[in-house]
Amino acid sequence: MSAEKHERHAFEPKIVAYVCNWCTYLGADLAGTNRLEYPPNVRLIRLPCTGRIDFNLIVKGFEIGADAVLVSGCHPGDCHYTAGNYHARRRWMLFRPLLETLGFDMRRIHFTWISAAEGRKFQQVITEITEATRALGPAGYLSLPNGGKAPAWTPPPPALKPEPSGEEQMRSAAAQLLSSGAVSVVIGYDSHGAPSFARRAEDAERLCFNQQCTANLAVYLKRKEIRALGRIGLVAAPAILRALNVLETESQIDREQIVEIPVGQSSGDPDFAALDSFLRLAPEERMAWWMAEFERCVRCYACRAVCPMCYCERCIAEKNRPQAISPSATLEGNFAWHIARAFHQAGRCVGCGECTRACPAGINLSLLNATLARAAMQQFHYRAGAERGAEPLIGRYSLNDKEDFIR
Amino acid sequence: MSISAQDLLRIAADWIAQGKQLIGPKRVKPGLVLYARLKDASELALDGFLRPANSIKEAVFPRHEVLYRYRVTGGAVELLDEEFAPAETLVLAARPCDAAALPILDPLFNWDYRDEFWNRRRAATTIIALACHTHDEHCFCTSVGLAPDATRGADALLYPLGDAHFAVRQVTAKSEPLVAGYRDEDWPAMPAGPPVKFDPTDVQAFLEANFDSPFWNGVPLRCLGCGACAYHCPTCHCFDIIDEKNARVRNWDACQFALFTLHASGHNPRSTQPERQRQRLQHKFRIYREKFGEILCTGCGNCTRNCPVDLGVLNVLEAMPHG
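In structure tokens:
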């Protein structure tokens with residue numbers, strides 16, 4: 017008991033603070049020149065602008081042993097680059113719910129606006145965060161007390177999907193497009209639901225649309241060997257049409273080169289029942305659950321390969337100079353990867369659920385996607401791909417974006 | 009005398025009690041069985057599924073392995089070379105198509121360089137395989153010279169008799185301490201296994217003659233370029249070596265990733281997915297055979313079962329216009 021007490025007493029929290037160069041860093045400077053004392057537990061990392069503070073850095077902070085992380089920049093209206101802090105604010109509005117679903121302790125993640133004139137606020141913020149973190153004890157990222165046994169959680173049965181429809185019309189449309197030479201290939205499905213490429217009108221006979229046809233075929237549009245085939249006819253269920261809308265907005269496809277052959281019916285609003293059920297677990301239980309899930313990830317990147325939105329020529333997981341996230345299939349590397357994958361989908365994921373279906377380790381990535389989809393709907397009334405020509409969610413901002421989490 | 013499931017679990021429990029590592033099929037969630045390290049013998053799943061979705065290669069070739077650590081002080085690098093002593097490991101209820109992969113890979117890991125990580129783990133690992141009494145449409149062990157009761161790579165082989173008992177065949181002396189009391193003299197008749205689906209010699213001939221063929225732009229075109237096939241394949245063994253946190257580590261890598269062959273110049277000799285699919289087939293059925301005299305495939309079918317677009321070795325081979 018006394019040893020434990022002693023350890024508690026000896027604990028000095030480490031706070032990593034990512035601050036912008038123009039406001040908070042100068043605020044810290046002012047605190048220094050004014051001889052305002054604050055705890056030495058904070059490590060300041062100066063970046064040009066909060067708009068350039070990558071969300072990965074929060075995770076990285078915990079990886080390297082931080083007990084709390086602070087992100088701080090200029091007050092709204094004060095940004096040296098006009099709007100960097102507005103962009104940051106919007107991103108954090110979406111990133112925080114993701115961290116909550118993953119079970120991060122949100123009492124350890126702080127956001128503030130501190131201007132160059134607010135030396136005293138800097139002093140106060142650092143003092144308070146340090147004391148609050150001291151009371152919380154060590155963060156112990158990815159190490160759970162009591163062996164961290166994962167809670168048993170099973171998702172509720174998914175909502176019924178609408179019956180597949182439109183197979184016959186699809187076949188005749190495909191045959192017609194191919195025989196008239198309007199397209200040189202139709203991308204559709206075979207009877208097992210595997211993607212299939214029909215290049216002659218008679219090939220259209222074997223195209224199918226049944227319960228097994230779930231692959232998001234828009235994924236093929238990014239590939240140069242597919243583009244080289246010529247004008248493409250695409251069998252397009254509602255989730256595929258949403259993907260086309262997002263890809264078009266992001267200037268990834270030339271819609272004129274694609275003829276859509278619609279099939280199926282929309283299943284309506286996204287289903288958040290599984291997410292609701294999951295969020296009833298306590299944060300540490302959620303973290304323990306994800307640890308057990310991510311431990312199985314071998315980094316085969318099937319989740320990335322099946323996703324039409326993952327079109328980067330070089331994925332952040334493959335950048336090694338410097339390394340952004342670890343490519344190793346360790347718990348730490350896997351958390352970093354899945355957080356990055358999910359957040360890169362913020363406001364972009366069309367909810368086809370293919371990543372979860374494709375995962376050989378059975379990891380329910382849809383929970384992360386649903387978290388971001390719901391945050392986008394609740395906070396911005398935005399659904400990725402729902403409307404052709406809609407502006408992207410991230411990359412723009414509003415002066416009215418909520419900042420109740422920013423001090 | 010056959011062994012009861014109960015006795016088998018007792019062997020497993022004793023093994024764990026001795027502080028050793030036990031690997032076996034584990035039901036991780038509904039519909040998913042994986043070979044995994046078992047903390048308790050009761051986690052061992054013996055029936056009710058065809059085969060685990062991954063392979064046992066991780067027992068000897070982990071997805072992530074620290075080769076050595078180092079310390080950098082100023083301009084000096086100090087190597088912290090620790091003696092590598094793997095945990096004694098028992099792989100229980102491995103499928104014969106998993107066990108056979110290890111001797112197929114031995115020559116590779118001992119070719120121009122003796123890989124001590126592989127060799128020491130191999131030496132520390134005992135494999136008790138479980139013969140298959142069933143198969144599915146993705147299985148093709150009989151097409152690559154194996155069978156549902158192949159003993160290759162196994163130290164002992166069990167066969168389910170159906171009454172919670174298993175017939176036992178001891179294959180090597182390594183399994184003696186575990187199964188000595190249970191050996192069966194009369195081995196039950198085996199089911200036939202999956203029908204032969206292709207002749208590897210025809211495949212090899214096709215691959216030799218058709219490096220540049222429109223065939224590769226057909227069925228393989230749907231490959232999406234993930235590593236699900238390779239990472240769950242008993243025989244795929246490619247790896248990448250990187251430096252991370254003052255350690256040199258080895259991670260699995262796979263030929264279907266575009267990055268696998270990307271040069272520093274930006275040139276990629278295998279720049280499209282069909283070329284990468286061709287490489288996978290060439291390596292398995294021609295290159296490895298020419299170099300080591302073995303087919304780099306045990307017919308387990310994991311590639312197809314794990315593929316997000318139902319594309320495995322077998323689908324490509326069956327689409328081939330050969331004999």
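Those sequence lines, one after another, are chains A and B.
According to the numbering used here, the residues represented by the first sequence are 17 to 423, in order.
According to the numbering used here, the residues represented by the second sequence are 9 to 331, in order.
All residues carry an ideal CB built from backbone N, CA and C; glycine is no exception.
(request) Answer with yes or no whether the minimum CB distance from B/A61 to chain A is below 8 Å. (result) So, interface residue.
(request) Check each candidate in A/N37, A/H126, A/A84 and name the one with the smallest Cα separation from A/Y97. (result) Residue A/N37 is the option with its Cα nearest to A/Y97.
(message) Can you give me the C-alpha to C-alpha distance between A/R315 and B/G235, rounded to a whole angstrom?
(response) Near 8 Å, if we compare the C-alpha coordinates of B/G235 and A/R315.
(request) Identify, in the order they occur along the chain, each residue of the same chain with its Cβ nearer than 6 Å to the Cβ of A/Q273, setting aside the five sequence neighbours on each side. (result) Excluding residues within five positions, the ones whose Cβ falls inside 6 Å are R247.
(message) Can you check whether the C-beta of B/A327 is within less than 8 Å of a C-beta belonging to chain A?
(response) No, no contact with chain A.
(request) Give the DSSP-derived three-state secondary structure of A/L63 in the structure shown. (result) In the displayed model, A/L63 falls within a strand according to three-state DSSP.
(message) To the nearest angstrom, how far is the alpha carbon of A/E79 from that of B/A272?
(response) Distance between the alpha carbons of A/E79 and B/A272: 29 Å.
(request) Could you tell me whether the segment 361-377 of chain A touches the segment 305-324 of chain A, where touching means 3 or more Cβ pairs closer than 8 Å? (result) The segment 361-377 of chain A is in contact with the segment 305-324 of chain A.
(request) Compare the C-beta of A/C316 with all C-beta atoms of chain B and state if any pair is closer than 8 Å. (result) Closer than 8 Å to some Cβ of chain B, the Cβ of A/C316 qualifies, so yes.
(message) Measuring straight from C-alpha to C-alpha, what distance separates B/M198 and B/P156?
(response) Straight through space, the alpha carbons of B/P156 and B/M198 are spaced by roughly 8 Å.
(request) Return the residues of the segment 221-245 of chain B that lie within a Cβ-Cβ distance of less than 7 Å from chain A, sorted by chain order. (result) Residues L229, R230, L232, G233, C234, G235, A236, Y239, H240.
(request) Could you list the residues in the segment 333-349 of chain A with a C-beta less than 9 Å from some C-beta on chain B, going in chain order? (result) Taking a C-beta cut-off of 9 Å against chain B, the contacting residues of the segment 333-349 of chain A are E334, N336, Q339, S342, P343, S344, A345, T346, G349, listed in chain order.
(message) Does the CB of A/H360 have a neighbour CB from chain B at under 8 Å?
(response) So no, A/H360 is outside the interface.
(request) Using a Cβ cut-off of 7 Å, pull out every chain B residue sitting near A/G367, in sequence order please. (result) Correct list: empty, because the minimum Cβ distance to chain B is about 17 Å.
(request) Please report how far the alpha carbon of B/P300 lies from the alpha carbon of B/L113, in whole angstroms. (result) Position check: residue 300 of chain B holds Phe in this sequence, whereas Pro was assumed. Each residue's Cα considered, the two are about 9 Å apart.
(request) Give the interface partners of A/A231 over in chain B, defined as CB-CB distance under 8 Å, in chain order. (result) Ordered by position in chain B, the residues that pass the 8 Å Cβ test against A/A231 are P316, V317.
(request) Run down chain B in chain order and give the residues with a C-beta less than 7 Å from the C-beta of A/P211. (result) Close partners of A/P211 in chain B (Cβ separation under 7 Å): R230, V317.
(message) Quick check on the DSSP output: the alpha helix (DSSP H) that includes A/G77 runs from which residue to which?
(response) Boundaries of the alpha helix (DSSP H) around A/G77: 72-79.
(message) Less than 8 Å between the C-beta atoms of B/D192 and B/V176, yes or no?
(response) Contact flag set, yes.
(message) Looking only at its chain, what residues have a beta carbon closer than 6 Å to the beta carbon of A/E183, apart from the 5 residues adjacent to it on each side?
(response) Result list for A/E183: F225, in chain order.
(request) Pull up the DSSP beta-bridge partners for B/H173, would you. (result) Bridge partners of B/H173: B/S12.
(message) Any beta carbon from chain B within less than 8 Å of A/A321's own beta carbon?
(response) At a cut-off of 8 Å between C-beta atoms, A/A321 counts as an interface residue with respect to chain B.
(message) Along the chain, where does the beta strand (DSSP E) containing B/D163 start, and where does it finish?
(response) Element bounds for B/D163: n/a, residue is neither H nor E.
(request) Determine, using beta carbons only, whether A/E241 comes closer than 8 Å to chain B. (result) Yes, contact with chain B.
(request) Decide if B/G39 is buried, meaning its Cβ has at least 16 other Cβ atoms within 10 Å, or exposed. (result) With fewer than 16 Cβ atoms within 10 Å of its Cβ, B/G39 is classed as exposed.
(request) Identify the contact partners of A/V235 in chain B, using a Cβ-Cβ distance below 8 Å as the criterion. (result) In chain order: L232.
(request) Taking only the alpha-carbon atoms, compute the straight-line gap between A/L347 and A/P154 and give it to the nearest angstrom. (result) Put simply, the backbone Cα of A/L347 is about 19 Å away from that of A/P154.
(request) Compare the C-beta of A/A33 against all C-beta atoms of chain B and say whether one is closer than 8 Å. (result) Taking CB atoms only, A/A33 has no neighbour in chain B less than 8 Å away.
(message) Need the endpoints of the alpha helix (DSSP H) that A/R357 sits in, please.
(response) Run containing A/R357: 347-359, per the alpha helix (DSSP H) assignment.
(request) For chain B, find out if any of its Cβ atoms is closer than 8 Å to the Cβ of A/A253; answer yes or no. (result) Proximity of A/A253 to chain B, defined by a Cβ-Cβ separation below 8 Å, is not satisfied.
(message) Quick check: what's the CA-CA separation for A/A190 versus A/F213?
(response) The C-alpha of A/F213 is placed about 11 Å away from the C-alpha of A/A190.
(request) Note down, in chain order, each residue of its chain lying with its Cβ closer than 6 Å to the Cβ of A/L384, except the 5 sequence neighbours on either side. (result) Non-local C-beta neighbours of A/L384 in its own chain, meaning closer than 6 Å and more than five positions away in sequence, comprise A358, ordered along the chain.
(request) Taking C-beta pairs closer than 7 Å, name the residues in chain A that B/K292 reaches, listed in chain order. (result) Here the premise fails: no neighbours, minimum Cβ distance about 18 Å.
(message) Which same chain residues end up closer than 6 Å to B/L98 when comparing Cβ atoms and leaving out the 5 residues on each side of it in sequence?
(response) Correct list, in chain order: W23, L30, T134.
(request) Measuring only between beta-carbons, confirm whether B/P282 sits less than 8 Å from chain A. (result) Closer than 8 Å: yes.
(request) Take A/K238 and list the residues in its own chain whose beta-carbon comes closer than 6 Å to its own, dropping the five residues that flank it on each side. (result) If we look at A/K238 and ignore the five residues flanking it on each side, its Cβ neighbours are Y327.
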